[in-house]
Amino acid sequence: MFLKDQVALVTGAGQGIGRAAATALAQAGASVAVVDIDAALAESVATSLAAHQHRALAIAADVGDVASIERMVAGTIAEFGRIDILLNNAGVTRRADIMELTEADWDRIHRVNAKGVFFCLQSVARTMIPRRSGRIINIASIAGKGYAGASNAAYAASKGAVISLTKTAAQQLAWANINVNAICPGVTRTALSEANLRVSAQQQGLSVAAMEKRRAETIPLRRANDPEDVAAMVVFLASPGARNITGQSLNVDGGLILD
Ligand SMILES: NC(=O)c1ccc[n+]([C@@H]2O[C@H](COP(=O)([O-])OP(=O)(O)OC[C@H]3O[C@@H](n4cnc5c(N)ncnc54)[C@H](O)[C@@H]3O)[C@@H](O)[C@H]2O)c1
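Just so we're aligned, residue 4 is where the sequence shown starts under the numbering used here, counting upward by one.
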């Protein structure tokens, strides 16, 4: 229970990677603010954590809106007193070729994936600086490092933004003993990747099962991530053993990308 007495805030925690990470952080002893734009999803995750004797609070918030972020941070501090760990996980995409992308796609993706990560980081760091302590973990993607299977170019650019701002935030917050790192998941079995898989299968005239098999064959370790594979890296980056790691973007991808 090395995160006992720690408080974690996880965005996009209603399902997928965020849900697995909220659960793993709670199992390591943290109290968790379970944030999602979908209030019912946030509530159901918080209820299931509470059923296992974990301290959890559901918060409905839109990370693309700064006023909503400020309410989310204030609500967490009102309940738990502080935030020790921020997991910036909420993200959106859709599978599309570069020439199909619209202005609405760009704005929707960058509003959540880039703007959302930045303003959650800034708003939470404001509360961490006076305490001279904090861990911030941003979920980027191997799409931000040139992975050819990226769902689309606007998404890849938004994840490149996360990798970049992770480096600058790490440099500018280190004096306050705040570590900022990113995780770059590869293919991870969640609702988001299943939607991409269905579009790819349709485009290539394959069944979803055949497309999934083909996808796994491109991965050196021959398996896609389960959300728990990413959650394990989140817990490590939040742990005492990671105290001297900052500014990094660590891949969890079965060997798809080697940088
Ligand atoms: N699944 C993958 O293969 C994969 C690969 C690389 C990176 N990622 C990244 O991992 C993160 C989580 O992805 P996932 O696959 O678990 O996705 P998911 O779609 O299963 O879950 C994302 C959650 O974020 C919530 N959300 C969306 N917009 C929000 C907003 N504006 N404010 C608050 N919450 C919001 C959704 O309601 C949902 O519950 C994302 O940043 C994604 O880009 C996923």
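Note that the Cβ used here is the ideal one computed from N, Cα and C, for glycine as well.
Predicted model, so just to flag it, every value in this text is computed and none were measured.
Cβ of residue i versus every heavy atom of ligand 1: is any distance shorter than 7 Å?
| i | result |
| --- | --- |
| I20 | yes |
| T79 | no |
| S196 | yes |
| G257 | no |
| A234 | no |
| V95 | yes |
| L44 | yes |
| G17 | yes |
Let me confirm a value: residue i is counted as buried when at least 16 other C-beta atoms fall within 10 Å, else exposed. Which label applies?
| i | result |
| --- | --- |
| F121 | buried |
| L261 | exposed |
| K148 | buried |
| V211 | exposed |
| E137 | Reading off the sequence shown, one finds Gly at residue 137, where the question assumed Glu. Under this definition G137 is a buried residue. |
Out of curiosity, what's the CA-to-CA distance linking residue i and residue j?
| i | j | result |
| --- | --- | --- |
| P223 | V10 | 36 Å |
| N91 | G15 | 8 Å |
| I142 | S154 | 16 Å |
| Q205 | A177 | 47 Å |
| D256 | S144 | 9 Å |
| I179 | E103 | Contrary to the premise, residue 179 reads as Ala rather than Ile in this sequence. Each residue's alpha carbon lies about 44 Å from the other. |
| T169 | E106 | 26 Å |
| L60 | T130 | 18 Å |
| S126 | E73 | 7 Å |
Kindly give me the distance between the Cβ atoms of residue i and residue j, rounded to whole angstroms, as I take these residues to be in contact under 8 Å.
| i | j | result |
| --- | --- | --- |
| V237 | L52 | Not quite, the Cβ-Cβ distance comes to about 15 Å (not below 8 Å), so this is no contact. |
| A266 | V37 | Outside the shown range of the chain, which is 4 to 262, sits residue 266, and nothing can be said about it. |
| D108 | R98 | Not quite, the Cβ-Cβ distance comes to about 11 Å (not below 8 Å), so this is no contact. |
| G94 | V115 | 6 Å |
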